[in-house]
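Colleague: So that we are looking at the same thing, I have put the structure below in structure tokens.
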Amino acid sequence: MTPAPPDAGGDLFAANLTGALLAVASSAFIGVSFIVKKKGLRRAGAAGTRAGVGGYGYLLEPLWWVGMVTMLIGEIANFVAYMFAPAVLVTPLGALSIIVSAVLAHFILNEKLQRMGVLGCVLCIVGSTVIILHAPEEETPSSVAQIWHLATQPAFLCYAASALAISLVLMLHCAPRYGQTNIVIYVGICSVIGSLTVMSIKAVGIAIKLTIEDLYTPLPPIYWHIQGNGETGGKQKEDDLLSGDFITVVRQDYFV
Numbered sequence: 204m205t206p207a208p209p210d211a212g213g214d215l216f217a218a219n220l221t222g223a224l225l226a227v228a229s230s231a232f233i234g235v236s237f238i239v240k241k242k243g244l245r246r247a248g249a250a251g252t253r254a255g256v257g258g259y260g261y262l263l264e265p266l267w268w269v270g271m272v273t274m275l276i277g278e279i280a281n282f283v284a285y286m287f288a289p290a291v292l293v294t295p296l297g298a299l300s301i302i303v304s305a306v307l308a309h310f311i312l313n314e315k316l317q318r319m320g321v322l323g324c325v326l327c328i329v330g331s332t333v334i335i336l337h338a339p340e341e342e343t344p345s346s347v348a349q350i351w352h353l354a355t356q357p358a359f360l361c362y363a364a365s366a367l368a369i370s371l372v373l374m375l376h377c378a379p380r381y382g383q384t385n386i387v388i389y390v391g392i393c394s395v396i397g398s399l400t401v402m403s404i405k406a407v408g409i410a411i412k413l414t415i416e417d418l419y420t421p422l423p424p425i426y427w428h429i430q431g432n433g434e435t436g437g438k439q440k441e442d443d444l445l446s447g448d449f450i451t452v453v454r455q456d457y458f459v
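Here the numbering used here is used: the first residue of the sequence shown is 204, the next is one more, and so on.
Below, the structure written as structure tokens:
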């Protein structure tokens, strides 16, 4: 067996640290974006039809767009984090957005954080910490051909088909009937699709790294379509209907 290079451990630590810092920054931006978008949705709702009942007036609200730009910055940081660190490390760090959004919602949106809300935040963070501390080592694919081979395995195809089927049932059947009264519906849509796009992010991130290293040139565009359209609609409805801290805790719990 060929021994590992002496600096391999240091390079791995540096890459994981970079990914972790980017994930923390991403959580901060995304946590702030929840609050800004919520204020924008409130303004739009006061001037017309609320997003929760099918209105699209928030598209003309500048504050909502500020929140979207803030979220975009956070998502870009999160995307880059997956290029450096394994998904099992990056994803649980999203729990930090719970603290940011819950605290800001308490002071800015007057959504008082009760004891059970604090307990929910703590439990979610503790759970994420346990996952990080006991995360298994991840083998990074060395070529896009290997990524494609893994993506076409029967187990992953079954999971992807199941996730899409569940999302369609939630969107077409459950949302019109129970979306106004049950938080699980819209949060479930975002979380199920989000769990699928996490793996897409990782695959695209690795492809970008290979591109930079002149190992591969074309990049698959399907991720951008799924990530951009699959989660946004459900997020606006749940953000308008429910409190920010409650949404963030439940969304993170389902997603991780």
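Every residue, glycine too, gets a C-beta built ideally from N, C-alpha and C.
Could you have a look at E342 and say whether DSSP puts it in helix, strand or coil?
Modeller: Three-state DSSP puts E342 in coil, outside helix and strand.
Colleague: What number of angstroms, rounded off, separates the C-alpha of C377 from the C-alpha of G397?
Modeller: Between C377 and G397, the C-alpha separation is close to 18 Å.
Colleague: Could you check how far apart the C-beta atoms of A284 and V293 are, in whole angstroms? I think they sit under 8 Å.
Modeller: Correct: roughly 5 Å between the Cβ atoms.
Colleague: Between K241 and W267, is the Cβ-Cβ spacing less than 7 Å?
Modeller: Not closer than 7 Å, so no.
Colleague: If you scan the region 306–373 from start to end, which runs of the alpha helix (DSSP H) of 4 or more residues do you find wholly inside it?
Modeller: 318–336, 347–354 and 357–372, all fully within the region 306–373.
Colleague: Kindly indicate which three-state DSSP category T273 falls into: helix, strand or coil?
Modeller: Correct three-state label for T273: helix.
Colleague: Going by C-alpha to C-alpha distance, which of G234, A364, P289 and V387 sits closest to F216?
Modeller: Considering only alpha carbons, the answer is P289.
Colleague: Where does T384 sit, in a helix, a strand or coil, going by DSSP?
Modeller: In the structure shown, T384 sits in coil (DSSP, three-state: anything other than H, G, I, E or B).
Colleague: Expressed to the nearest angstrom, what Euclidean distance is found between the alpha-carbon atoms of M374 and M402?
Modeller: Rounded to whole angstroms, M374 to M402 spans 22 Å at the Cα level.
Colleague: Could you check what DSSP says for G234 in three-state terms: helix, strand or coil?
Modeller: Note: G234 maps to helix in three-state DSSP.
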